[in-house]
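**Student:**
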Amino acid sequence: KFNESKEENHTLGEWVKAMEPLYTNMHNFTRNKSVISDSQTLTDAGAALFFTIKHSNRKSISLAKNHQL
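Right, here's the structure in full:
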């Protein structure tokens, strides 16, 4: 049997009170209806842009290392 101390029960109670607004108001942070972009596939142009952004930082870091004195 798992025995919880008074301190653990108090901590859990405080955590539940602190988190309650997030759970009770979750509908404020989510959409009620899906939108077209939720189901559309990524286009070639979008994929190319995503790939470029993802790898651009790595490229600039490697260029900086090559130019160090």
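Take the sequence shown: its position 25, counted from the start at 1, is 28 in my numbering, and no numbers get skipped.
The beta-carbon is built from N, C-alpha and C at its ideal position, and this holds for glycine as well.
Computed from a predicted structure; not experimentally measured.
Do you know how far the Cα of THR27 is from the Cα of VAL19?
**Tutor:** C-alpha separation (whole angstroms): 11 Å.
**Student:** Closer than 7 Å to a non-hydrogen atom of the ligand NAP - does that hold for the CB of HIS13?
**Tutor:** This structure does not include the ligand NAP; it has no bound ligands of any sort.
**Student:** Tell me the DSSP secondary structure of ASN12 in three-state form.
**Tutor:** If DSSP states are grouped into helix, strand and coil, ASN12 belongs with the helices.
**Student:** Could you tell me the distance, in whole angstroms, from the CA atom of LYS4 to the CA atom of GLU11?
**Tutor:** With a pLDDT of 42 at LYS4, under the threshold of 50, the predicted position of this residue should be treated as unreliable, though the coordinate-derived value follows. Those two C-alpha atoms are separated by around 15 Å.
**Student:** Any idea what DSSP makes of LYS4, helix, strand or coil?
**Tutor:** The predicted model places LYS4 with a pLDDT of 42, which falls under 50 and marks its position as unreliable, so this point remains unresolved.
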